[in-house]
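K.L.:
Sharing a structure with you now.
Number of protein chains: 4
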Amino acid sequence: MIKVGIVGGTGYTGVELLRLLAQHPEVELVAITSRTEDGLPVATLFPSLRGRVSLAFSDPAKAALERCDVVFFATPHGVAMAQSPALLKAGVRVIDLAADFRIKDPEVFQKWYGMPHAAPDLLREAVYGLPEVNREALRKARLVGMAGCYPTSMQLGYAPLLAQARALVDEGHLVADCKSGVSGAGRKAEIGNLLAEASDNFKAYAVKGHRHLPETVQGLEAIARRPVGLTFVPHLLPMIRGIHSTLYARILPGAMDTDFQMLYETHYAHEPFVDVMPPGSTPETRSVRASNYLRIALHRPDGGDTLIVLVVEDNLVKGASGQAVQAMNIMFGLPEDTGLRQIAVLP
Amino acid sequence: MIKVGIVGGTGYTGVELLRLLAQHPEVELVAITSRTEDGLPVATLFPSLRGRVSLAFSDPAKAALERCDVVFFATPHGVAMAQSPALLKAGVRVIDLAADFRIKDPEVFQKWYGMPHAAPDLLREAVYGLPEVNREALRKARLVGMAGCYPTSMQLGYAPLLAQARALVDEGHLVADCKSGVSGAGRKAEIGNLLAEASDNFKAYAVKGHRHLPETVQGLEAIARRPVGLTFVPHLLPMIRGIHSTLYARILPGAMDTDFQMLYETHYAHEPFVDVMPPGSTPETRSVRASNYLRIALHRPDGGDTLIVLVVEDNLVKGASGQAVQAMNIMFGLPEDTGLRQIAVLP
Amino acid sequence: MIKVGIVGGTGYTGVELLRLLAQHPEVELVAITSRTEDGLPVATLFPSLRGRVSLAFSDPAKAALERCDVVFFATPHGVAMAQSPALLKAGVRVIDLAADFRIKDPEVFQKWYGMPHAAPDLLREAVYGLPEVNREALRKARLVGMAGCYPTSMQLGYAPLLAQARALVDEGHLVADCKSGVSGAGRKAEIGNLLAEASDNFKAYAVKGHRHLPETVQGLEAIARRPVGLTFVPHLLPMIRGIHSTLYARILPGAMDTDFQMLYETHYAHEPFVDVMPPGSTPETRSVRASNYLRIALHRPDGGDTLIVLVVEDNLVKGASGQAVQAMNIMFGLPEDTGLRQIAVLP
Amino acid sequence: MIKVGIVGGTGYTGVELLRLLAQHPEVELVAITSRTEDGLPVATLFPSLRGRVSLAFSDPAKAALERCDVVFFATPHGVAMAQSPALLKAGVRVIDLAADFRIKDPEVFQKWYGMPHAAPDLLREAVYGLPEVNREALRKARLVGMAGCYPTSMQLGYAPLLAQARALVDEGHLVADCKSGVSGAGRKAEIGNLLAEASDNFKAYAVKGHRHLPETVQGLEAIARRPVGLTFVPHLLPMIRGIHSTLYARILPGAMDTDFQMLYETHYAHEPFVDVMPPGSTPETRSVRASNYLRIALHRPDGGDTLIVLVVEDNLVKGASGQAVQAMNIMFGLPEDTGLRQIAVLP
């Protein structure tokens, strides 16, 4: 049994980790910390866990996380980079669901997250937690910075295109029109995310620049090994879970004959969680609700030079906690889908 | 033109007042105050008002509210009772949408609202703002404490029963099972009202005792001129606007022959905003969405001794701002439906 | 492995059965029938099952259901009673999720369902599928008529009260104010259940008499062994899954000293799926979303003579398919929670 | 008073017309037809109209529409083109909210709508109902084919760009990522639009080709007087009303210095219903909910060569019935905003 600790379990990625880990056959939940909720049974805060998780939150100081095999950080940005060095020194592996170890360049991190990086020396070692791209590196990783929710959908949506030796599309002008449920904003008391504000409503936000932009460009360029230009417009959906990314790319004149469907099916042929749907499909977010699957469908209207890639995922599962468990499975040599075989909840 | 001021226009009853008053043919909006948003154009906070309301929020100190004919308080409890005395002295009429002037007994107020009443001497003068019950008193009122949202639905739902000379139902055991959209909780940053918490979800709350209980019992007893016992269970609906109250009463043996439908139709025959629907109807909240109407339907399953009264209203209109404008119309001698003829938005 | 067939898998209880059974460790899905979708892979209709269920719908004529150990009917009312006799004769056990075998009196069935009963001789043998009440009978049942969604919540909510030797409450005047998500109406193309009609809206329906009334009264009387009078008002919630029943009972003078919390906790002490929450709790439907749990909380405002029982369940799981799998587990001697340990999806 | 008839008032554009026209000071509602609902009071089908609209549906044969000054068709495609010739001959003006008179080329109409055009000779006379583009032609129009909901948002969003003498953007590769509430699908009993299917869900649809594509390209080319290439991907939002179009255009090298904000503000300076918001705004659909306004905001991330135009409208008002009333006002010489000054309902 893998001894697991969770730092910061009062948010949505935290409770989702608890849901998944409490059902994971190879995991023993050892500790969950919260500075503000010390002593409170987890199931009091989240009654969905009543009868299934008997842990109480404990103050970080008392939690003895160094006895864990792995610690997940489901905390605001900045916590993991402060606490990871000590844990790693104690031989504990670390999986951060926040952004602390996603971006390789500490200056870029500082620019977008408004704080200096507290552990820049760890950035080189940190593995970017996107299993379908970085599986080998994850096998022996001590420190993982999990991919963000939007970046997961954009990178897995564009990866088969960009992974080719020569460019098939205008890689300098990718357009990603992304829509996310509000759970992506976290369990924070903000007026804009009240039901009375965000339901029965739709809008774009952060059009000027969203933190997931530099992370995604970094990831896309790592896949392509070429410069990539991306326009990324996130929108807020009046629902809880789910990301739908509508990705546009202009096909280059020399690539008009490409069989993109075949390209994608081949690229993801052996992936347990990536489903390339038949041509012409329109994947729905509910088809992955509460599951770790990500579904992709390709369109090319009138056979023209615009390729459209539709991607859906559950932002809290494949876009966060599920993918983190997937990474853990890889790190500990388990079958990659252990504890992650939940079928999407539909309707 | 009636010169109108609004204190505290940053909440939902405030913006709803603005929507209604900006379309009211006899109203001139003179000032709207906010301590925190001084100088901010109202339409910047609420883009729905762009091009229609050019006012900016002003600090209460600068607002010169004493030049108004009437001032609405759309503030948290406690503000109106502090500021009303000076306004009244200046000859300004006051309509409070909070609870400061609803409850006649200052000790009851203190028990339920956790603060001593700041103007207990005004409580006797204050008129309870429920036009269908208190129309005459409103005509000459200087100070009005508008009825709460749930209390409006319960009182108008039970009034025809209780207004009779002798009891028709077991008035000591009324049961009101009420459901409200989340806008009733106001525009406050609270985790429980986040879309990710409150949508796709339903629950009861405040079962032990909701502040609208003493107000409603006081109102029902004023109508009945007899003691009334009420069990009131509020529930939170996963939607923005609308209250649906399902009211139960046990018919007394001597009243089994009553024609309740006729009783209700007669009672409300001349009301512009109360609609008694045909027997067997099931009113929907959307049938009054964004309008000042309140609809009622009666049921008596199998002709037995249980009477069921279904009541719907928009909690922000008939349950708050619309009813406040209705009270203003009465106070200023206008036709009662002036500026309130909006038809419900459906779908 | 239990060989399982499903008749009528194109509705919501059908796809929910598939979700649960595909993850059940002791089940082999053998056949799923649909008259209209013969040959269509199940995962084409429900993409949530892609990669997990490879079955295709087959015409009932070809399905060879008699080779199954058990057949679930997830069909409209009337189908199971026509097809069960042949299956039972072939030694197949039958679990009907519709109403065909719920009501013992064929005349009552005909009155409420508008069709004569096709297999009245089987009604005596049929076991009512409510495990917490009928566990022993289920162990050896050949034919089970699963409890309805509302009736499950009402019966489990009232059972501890009614199961006592002497009446504690006025059993002739129970009031059940119930609210259900729209999936309870099934996957049928009806205008009233369109998103544009039913979302952002709330209403009561079937106040005159809902089909679940006679079923519930029959069940309550079986528990009480005394006559029971019930007023049942169902309401439609603007959400997909979840039932919240708010149950009212008048405590009899001689029972005012009863410790109802203790009574409920004792009654359900050993139930795997019934959770009696601490006094004063307000259970949320999302706390059981997509899980087989049912949660109960008790209230007695001001210690008076009104007892309020709050009950939540997922209408498609504990109210339908999950409870059917629970019944199957009992019938086949498996641990009762086999394949049913999913934790509720929150948020 | 303008005598108005409505053909086909049982759908969403029909009830929205009724809501608007019943509040219009210069309109007398004379007749509303429905083949299936002859004799049914309109307010029985739509209780939101109780007390405000006393008309009953009448069979088209009896409706004497030729006595009207203008008849609105809120019918499925194909009805208006069959009935308009007789009405026009009788001197009645016709405003069609369906697609019968939108597309100038009858072969294109037939290709996309699957039926031959029944009145191709009227196509040349018919005016395309987009007031901000065709105001002059509308003043004297006898027959108007109102713009579709998506096409309105796309055309008004792109118009200031395309109306310039020389191209500012790559007009051959416009990308419109559009999202609509489900009321756009009409009041039709279809499984895909059930609340249990479409809520808590998001998907693209009709990616291969939506009927609004040829209409929009025709309109854009009329504005530009140059060929235009458009990729249009519609998506279904889990809410009732509102369209949000996210429009992308690649700025041409020679136009990089353009002040696009100024361009848009100038273009729409005198429009009563088009609101160009300050740079960097992110308009919300709720800011126009139930109102005739359309709001636009411009973005140009990092000052690069991608221009993003965000457009919101209420698909049933500015996208359908409100715009039709706006057209009527123009046709009859009324101030353009008569009866259309409703402020958006927020929250």
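Chains as they are written, first to last, in the working numbering: chain F, 1 to 347; chain Z, 348 to 694; chain H, 695 to 1041; chain E, 1042 to 1388. Beta carbons: idealized from backbone N, C-alpha and C, even for Gly. Source: prediction; values computed, not measured.
Chain H beta carbons: is any one of them nearer than 8 Å to that of valine 1223 of chain E?
P.N.:
Cβ-Cβ to chain H under 8 Å: yes for valine 1223 of chain E.
K.L.:
Measure the beta-carbon distance from isoleucine 32 of chain F to phenylalanine 57 of chain F and round it to whole angstroms, keeping in mind my assumption that it falls under 8 Å.
P.N.:
Contact flag correct, Cβ pair sits at about 6 Å.
K.L.:
Among E:Ala1104, E:Asp1241 and E:Thr1257, which residue has its Cα nearest to the Cα of valine 288 of chain F?
P.N.:
Out of E:Ala1104, E:Asp1241 and E:Thr1257, E:Asp1241 has the C-alpha closest to the C-alpha of valine 288 of chain F.
K.L.:
Could you tell me whether the Cβ of aspartate 200 of chain F comes closer than 8 Å to any Cβ of chain Z?
P.N.:
So, interface residue.
K.L.:
Taking the alpha-carbon positions, what's the glutamate 265 of chain F to glycine 303 of chain F distance?
P.N.:
Taking the straight line from one Cα to the other gives about 19 Å.
K.L.:
Is it the case that the region 1028 to 1037 of chain H contacts the region 713 to 733 of chain H, given that we only count it when at least three CB pairs across the two stretches are under 8 Å?
P.N.:
Enough Cβ pairs lie closer than 8 Å, so yes.
K.L.:
Name the chain E residues whose beta carbon is nearer than 8 Å to that of alanine 883 of chain H?
P.N.:
Within 8 Å Cβ-Cβ: Ala1230, Glu1231, Ile1232 and Leu1235.
K.L.:
What does proline 585 of chain Z touch in chain H if you count any residue whose Cβ is under 8 Å from its own?
P.N.:
Correct list: Leu931, Pro932 and Met933.
K.L.:
Comparing the C-beta of lysine 834 of chain H with each C-beta of chain Z, is any distance below 8 Å?
P.N.:
No, no contact with chain Z.
K.L.:
To the nearest angstrom, report how far apart glutamate 537 of chain Z and alanine 543 of chain Z are at their CA atoms.
P.N.:
Going by the C-alpha atoms only, they are around 12 Å apart.
K.L.:
Report the option in Z:Leu365, Z:Thr383 and Z:Glu384 whose CA atom is closest to the CA atom of valine 377 of chain Z.
P.N.:
Taking only the C-alpha atoms, the option nearest valine 377 of chain Z is Z:Leu365.
K.L.:
How many whole angstroms separate the CB atoms of threonine 979 of chain H and lysine 550 of chain Z, which I take to be in contact at a CB cut-off of 8 Å?
P.N.:
Indeed, because the Cβ distance is near 7 Å, the residues count as touching under 8 Å.
K.L.:
For glutamate 28 of chain F, would you say it is in contact with chain E, using Cβ-to-Cβ distances shorter than 8 Å as the test?
P.N.:
With 8 Å as the cut-off, glutamate 28 of chain F does not count as an interface residue toward chain E.
K.L.:
Run through chain Z and tell me which residues come within less than 8 Å of leucine 1271 of chain E, C-beta to C-beta.
P.N.:
Correct list: empty, because the minimum Cβ distance to chain Z is about 28 Å.
K.L.:
Can you tell me whether DSSP reads alanine 378 of chain Z as helix, strand or coil?
P.N.:
Residue state, collapsed to three classes: strand.
K.L.:
Could you please tell me which residues of the region 357 to 371 of chain Z, in chain order, have their CB closer than 8 Å to any CB of chain F?
P.N.:
Answer set for the region 357 to 371 of chain Z: Tyr359.
K.L.:
Less than 8 Å between the beta carbons of proline 507 of chain Z and leucine 654 of chain Z, yes or no?
P.N.:
Going by C-beta atoms, proline 507 of chain Z is not nearer than 8 Å to leucine 654 of chain Z.
K.L.:
List, from N- to C-terminal side, the beta strand (DSSP E) runs of 3 residues or more that fit wholly inside the region 450 to 525 of chain Z.
P.N.:
You should have 474 to 476 and 490 to 493.
K.L.:
Within 10 angstroms of the Cβ of glycine 1321 of chain E, are there 16 or more other Cβ atoms? Answer buried if so, exposed if not.
P.N.:
It is exposed - the Cβ of glycine 1321 of chain E has fewer than 16 other Cβ atoms within 10 Å.
K.L.:
According to the Cβ coordinates, are glutamate 1256 of chain E and arginine 1143 of chain E closer than 8 Å?
P.N.:
Going by C-beta atoms, glutamate 1256 of chain E is nearer than 8 Å to arginine 1143 of chain E.
K.L.:
Taking Cβ-Cβ distances shorter than 8 Å, what residues in chain Z pair up with glutamate 1325 of chain E?
P.N.:
Within 8 Å Cβ-Cβ: Pro394.
K.L.:
Please report how far the alpha carbon of tyrosine 505 of chain Z lies from the alpha carbon of proline 972 of chain H, in whole angstroms.
P.N.:
Going from the Cα of tyrosine 505 of chain Z to the Cα of proline 972 of chain H covers about 33 Å.
K.L.:
Glutamate 1377 of chain E by DSSP, collapsed to three states: which one?
P.N.:
Coil.
K.L.:
Would you list, in sequence order, the uninterrupted beta strand (DSSP E) runs of no fewer than 3 residues that lie entirely inside the region 629 to 670 of chain Z?
P.N.:
Correct list: 641 to 646 and 653 to 660.
K.L.:
So, at 7 Å on beta carbons, what are the nonlocal neighbours of asparagine 481 of chain Z in its own chain, with the 5 sequence-adjacent residues on each side left out?
P.N.:
Excluding sequence neighbours, asparagine 481 of chain Z sits near Val474 and Tyr475.
K.L.:
Residues of the region 1026 to 1037 of chain H with a CB closer than 9 Å to any CB of chain F: list them in chain order, please.
P.N.:
Within the region 1026 to 1037 of chain H, the residues whose Cβ lies closer than 9 Å to some Cβ of chain F are Arg1035, Gln1036 and Ile1037, listed in chain order.
K.L.:
Out of Z:Arg513, Z:Ile587 and Z:Gly461, state which residue places its alpha-carbon closest to the alpha-carbon of glycine 601 of chain Z.
P.N.:
When only C-alpha atoms are compared, the closest one is Z:Arg513.
K.L.:
What is the DSSP secondary structure of alanine 267 of chain F, reduced to helix, strand or coil?
P.N.:
Per the sequence shown, residue 267 of chain F should be read as histidine rather than alanine. Of the three classes helix, strand and coil, the one that applies to histidine 267 of chain F here is helix, per DSSP.
K.L.:
Since I believe leucine 490 of chain Z is in contact with leucine 469 of chain Z (beta carbons under 8 Å), could you give me their beta-carbon distance rounded to a whole number of angstroms?
P.N.:
Right, the Cβ-Cβ distance comes to about 6 Å (below 8 Å), so this counts as a contact.
K.L.:
With distances taken from CA atoms, which of Z:Val692, Z:Ala671 and Z:Pro682 is nearest valine 351 of chain Z?
P.N.:
Among Z:Val692, Z:Ala671 and Z:Pro682, the Cα nearest to that of valine 351 of chain Z belongs to Z:Ala671.
K.L.:
Taking its Cβ as the centre, do 16 or more other Cβ atoms sit within 10 Å of glycine 438 of chain Z, making it buried, or is it exposed?
P.N.:
Label assigned to glycine 438 of chain Z: exposed.
K.L.:
Could you say which of E:Leu1062, E:Met1369, E:Lys1359 and E:Ala1115 lies nearest to arginine 1228 of chain E if we only look at CA atoms?
P.N.:
Here the closest residue by C-alpha is E:Ala1115.
K.L.:
Output, in chain order, the set of chain F residues within a Cβ distance shorter than 7 Å of isoleucine 1349 of chain E.
P.N.:
Going along chain F in sequence order, the residues near isoleucine 1349 of chain E (Cβ under 7 Å) are Val207 and Val233.
K.L.:
Listing by chain order, which chain E residues have their CB less than 7 Å from the CB of alanine 637 of chain Z?
P.N.:
Near alanine 637 of chain Z (Cβ distances below 7 Å), the residues of chain E are Ala1331 and Val1386.
K.L.:
Rounded to whole angstroms, what's the CA-CA distance from methionine 1272 of chain E to methionine 1280 of chain E? Just pull it up for me.
P.N.:
A quick correction: the sequence has threonine, not methionine, at residue 1272 of chain E. Taking the straight line from one Cα to the other gives about 24 Å.
K.L.:
If you draw a straight line from the alpha carbon of isoleucine 1292 of chain E to that of aspartate 1298 of chain E, how long is it in whole angstroms?
P.N.:
C-alpha separation (whole angstroms): 10 Å.
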